[in-house]
Amino acid sequence: MTFTTPALDPRTAALLVMDYQQGILASLPGLANPDALLSRVAGAIADMRAHGATIAYVRVGFTEADWAAIPPANKTFSFIGRQHLMHHEEPDTAFHHQLAPEPGDITVRKTRYGALSTTDLDRQLRDRGITTLVIAGITTSGVVLSTVTDAADRDYQLYVLSDGVTDPDPQAHQNLMTSIFPRLAHIIDTAELRSLLHESHPDRAKTGTA
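Residue 5 is where the sequence shown starts when you use the numbering used here, and the numbers rise one by one after that.
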């Protein structure tokens, strides 16, 4: 059986650029060719912008109150709280300069894995009439997994950019991309995203009109 990737309407779509932060990129052991990864995501951002889609940036960062509110039962984030890591004003928690937000973009700060769980991102997306999400983020087993499962439960149409997500554990990345995510999302790469955008609105990139 042949499955056709559904059309993508940029007027109701948002690209989520998640956790592409200076410190997170620097901390990933063995990340293969980060410059190429950043270049691909920057290209996806440019393609989505050219067709009038929404760009939403998500980063993780903590205030002193956020640290204090993390319960000991949370294995990952209680450690971050005890060690006072990733303060939201530290340069390492800023978005990578190659993927900087522009005026009119959505930007949110989160304190857990998922982009929707500790932010008002869902409300902001709904307010703009967004029903489709294109996912780019690091890591595949962290923010991407959490966001995809949450967004699927909220009935968004989902596309995961296979070359816009990465993980320090290649096996975990492969299992998610081939076994888990295809049940919840359409798996495409940045080249296919460009084709889908042009097929949906072939004149928009040229005219800049809605």
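In this text, a Cβ means the ideal position worked out from N, Cα and C, and glycines have one as well.
CA nearest to the CA of residue 122, picked from 9, 172 and 151: Per the Cα distances, 151.
Nearest neighbour of residue 39, chosen from 103, 132 and 93 [CA to CA]: Per the Cα distances, 103.
Residues that DSSP places opposite residue 114 in a beta bridge: Per DSSP, 64.
Burial state of residue 198, where buried means 16 or more other Cβ atoms lie within 10 Å: Only buried fits residue 198, as 16 or more other CB atoms lie within 10 angstroms of its CB.
For residue 121, the three-state DSSP class (helix, strand or coil): Assignment of residue 121 by DSSP, reduced to helix, strand and coil, places it in the coil class.
Assumed close pair residue 147, residue 191 - CB separation to whole angstroms, cut-off 8 Å: With a Cβ gap of about 17 Å, residue 147 and residue 191 do not count as contacting.
Local Cβ density within 10 Å of residue 79, reported as buried at 16 or more and exposed below that: With fewer than 16 other Cβ atoms within 10 Å, it is exposed.
Proximity to residue 143 [Cα-Cα], best of 166, 159, 157 and 48: It is 166 whose Cα lies nearest to the Cα of residue 143.
The ligand NAD heavy atom lying under 8 Å from the CB of residue 100: Of the ligands one can find in the structure shown there are none, so the ligand NAD has no counterpart to examine.
Assigned secondary structure, residue 134 (DSSP; H/G/I helix, E/B strand, else coil): When DSSP states are grouped into helix, strand and coil, residue 134 belongs to the coil group.
Residue 147 - partner residues in DSSP beta bridges: Its beta-bridge partners do not exist; DSSP assigns none.
Contact check, residue 115 vs residue 59, beta carbons under 9 Å: Their beta carbons are not under 9 Å apart, which means residue 115 does not touch residue 59 by this criterion.
Contact set for residue 16: own chain, Cβ-Cβ below 8 Å, skip 5 residues either direction: Residues 133, 134, 135 and 136 of the same chain have their beta carbon placed closer than 8 Å to that of residue 16, with the five preceding and five following residues left out of the count.
Buried or exposed (CB count within 10 angstroms, at least 16 for buried), residue 213: At residue 213 the pLDDT is 43, less than 50, meaning the model places this residue with poor confidence; the figure from the coordinates comes in the next sentence. Exposed, since its Cβ has fewer than 16 Cβ neighbours within 10 Å.
Bounding residues of the alpha helix (DSSP H) (the contiguous stretch that carries residue 52): Counting along the chain, the alpha helix (DSSP H) containing residue 52 begins and ends at 38-54.
In DSSP terms, what residue 163 is bridged to: Answer by DSSP bridge pairing, in chain order: 138 and 190.
Sequence-distant residues of its chain with Cβ nearer than 8 Å to residue 140 (five each side left out): Result list for residue 140: 19, 20, 21, 22, 24, 45, 48, 165, 168 and 169, in chain order.
Inter-residue Cα distance where the pair is residue 89 and residue 69: Their backbone Cα atoms lie some 13 Å apart in a straight line.
Assumed close pair residue 125, residue 110 - CB separation to whole angstroms, cut-off 8 Å: About 7 Å separates the CB atoms of residue 125 and residue 110; that is less than 8 Å, so the two are in contact.
Secondary structure of residue 22, DSSP reduced to three states: In the structure shown, residue 22 adopts extended strand secondary structure according to DSSP, grouped into three states.
Cα-Cα separation, residue 35 to residue 172: Distance between the alpha carbons of residue 35 and residue 172: 7 Å.
Environment of residue 145 [buried if 16+ CB atoms lie within 10 Å]: Per the 10 Å Cβ criterion, buried.
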